[in-house]
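Each remark here refers to the structure printed beneath this line.
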Amino acid sequence: MKLTPLFVGAMTLALVGSASAQTLTIATVNNGDMIRMQGLSSAFTEETGIELNWVVLEENTLRQNVTTDIATNGGQYDIMTIGTYEAPIWAKQGWLKPLDALSADSEYDVDDILPAIRGGLSLDSKLYAAPFYGESSFIMYRTDLMEKAGLEMPDAPTWEFIGEAARAMTDRANDINGICLRGKAGWGENMAFLTAMSNSFGARWFDENWVPQFDSPQWKETLDTYLSLMADAGPAGASSNGFNENLTLFQQGKCGMWIDATVAASFVTNPDDSTVADQVGFAQAPDNGLGKRGNWLWAWSLAIPASSQNAEAAEQFIGWATDKAYLDLVAAQDGWANVPPGTRTSLYENPEYQAAAPFAEMTLASINSADPNNPTVDPVPYTGVQFVAIPEFAGIGTNVGQLFSAALAGQMSADDALAQAQDATTRDMTRAGYIK
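Residues -21 to -1, 1 to 415 in mature numbering (1 follows the signal peptide of the UniProt record, and there is no 0) are what the sequence shown spells out, letter by letter.
This is the structure in structure tokens:
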């Protein structure tokens, strides 16, 4: 594999004599695609002499760790794995370095990045994080269990159908749950799912005056539907389950359906890891006929904190990990179905990828249908599909997530969780100056 001429010519020359002594510290999440990147990264070190020190963390821990480090100018990392929520907010704070060298490199081809993904990682048309993989969310389901239940999954189902199917597929005696959904507390864990779900029920976090809306009938219907569905057809201990836990359950054949990130498709259809690889179908996230589906928009991306003393080498690595040649490298080792999805237009035009990835078309449609500028049925003052793009949301969203996770665990009622979410969020938004 070859690095692009820009990096070899402009960056590597600047590092001559010191590259062998350089070490980049990279904070990343313990998702499958990131683990694969770590495994392949020896190719980068062999070509450049730049050593890599990996800090691999669970999703909630990663977010807490990198947020603390960047907000305090701690300088612990040269590269951070961040998402669509953090990138523009942190760029506006001056906490990230712009990826100007990547943007200027014709071979890297920043214009090839899907517009919805690129836009979410930019500020004032400057790219501040490069997407390693992009995602929306959709339904992954067991075709054999659906057939056994006497049902046929529509391409675009309603929540009513999902409830019917989940209950019909549940077979607790054989350890089969009709549906697996996120329950682990966190703004990017259970609240990513529940916020996207709530959009399809006509709910919203705030009205146009930033007043919280958890006391609305739309939020009550959302939470009641979720809790009822999980009680009737979900796995035991669901309040502890996030993306990775549900992925394991699905791969082990213990879920009839799973509504989650489109990036999971390659893992549930990989026969090396999934016991049900040849029995998986895909459908769009559910709706309620209100014009919004329960799908989100996200990109796990690589960014350089302003505190890094190795910015040139860091951008060189980011270029290696997110360019087209990296996709070729993964395809050569693990097949086209396993390349990081959701970032580049050229990938979805590649006949080899289309043939290898039966989920490709559905993934692209899900990404393109998510509208962060108009995420809800009624008007809102914020952008973001499964999050609210304000600095305060990480704390507020996690607080609400803890309440909803407690309701799922049976520690409080749905009404109490909603009432406490309303009070706490109103208090936080008033303190922050949003509510006058």
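Every residue gets a Cβ at the ideal spot worked out from N, C-alpha and C, and that includes glycine.
| Check | Outcome |
| --- | --- |
| Cβ contact check for the segment 78 to 89 and the segment 232 to 239: 3 or more pairs under 8 Å | no |
| For Asn169 and Phe383, believed in contact at Cβ under 8 Å, the rounded distance | 6 Å |
| For Thr241 and Ser325, believed in contact at Cβ under 8 Å, the rounded distance | Wrong, their Cβ atoms sit about 18 Å apart, outside the cutoff. |
| Simplified DSSP assignment, three categories, for Trp198 | helix |
| In DSSP terms, what Ile155 is bridged to | Asp150 |
| At least 3 beta-carbon pairs within less than 8 Å: the segment 288 to 299 vs the segment 45 to 60 | yes |
| Closest Cα partner of Gly18 within the set Leu81, Ala344, Asp313 | Asp313 |
| DSSP three-state assignment for Gly260, whether helix, strand or coil | strand |
| Gly162 versus Pro330 - alpha carbon distance | 37 Å |
| Distance between Phe185 and Tyr361 (C-alpha atoms, nearest Å) | 8 Å |
| Nearest to Glu65 (by Cα), restricted to the options Ala147, Gly11, Thr47 | Thr47 |
| Neighbour-count burial assignment, Asn153, 16 or more Cβ in a 10 Å radius | exposed |
| Residues bridged to Thr60 [DSSP beta-bridge criterion] | Leu281 |
| Selection from Leu81, Arg15, Thr405 that minimises the alpha carbon distance to Asn108 | Reading the sequence as shown, one finds Ala at residue 108 and not Asn. Ranking Leu81, Arg15, Thr405 by Cα distance to Ala108 puts Leu81 first. |
| For Ile191, three-class secondary structure by DSSP | The question names Ile, but residue 191 is Pro in the sequence shown. Here Pro191 sits in strand by DSSP. |
| Close-in-space but distant-in-sequence residues of the same chain around Thr409 (CB under 7 Å, 5 per side omitted) | none |
| Complete runs of the alpha helix (DSSP H) confined to the segment 267 to 316 [at least 4 residues] | 290 to 301, 303 to 313 |
| Own chain partners of Gln401 with C-beta closer than 7 Å, once the 5 adjacent residues on each side are dropped | Pro191, Phe193, Asp194 |
| Alpha-carbon to alpha-carbon, Gln1 and Glu30 | 6 Å |
| Rounded Cβ spacing between Leu75 and Ala282 (contact assumed at less than 8 Å) | 5 Å |
| Ala396 and Ala403 closer than 7 Å at C-beta | no |
| Three-state secondary structure assigned by DSSP to Glu25 | helix |
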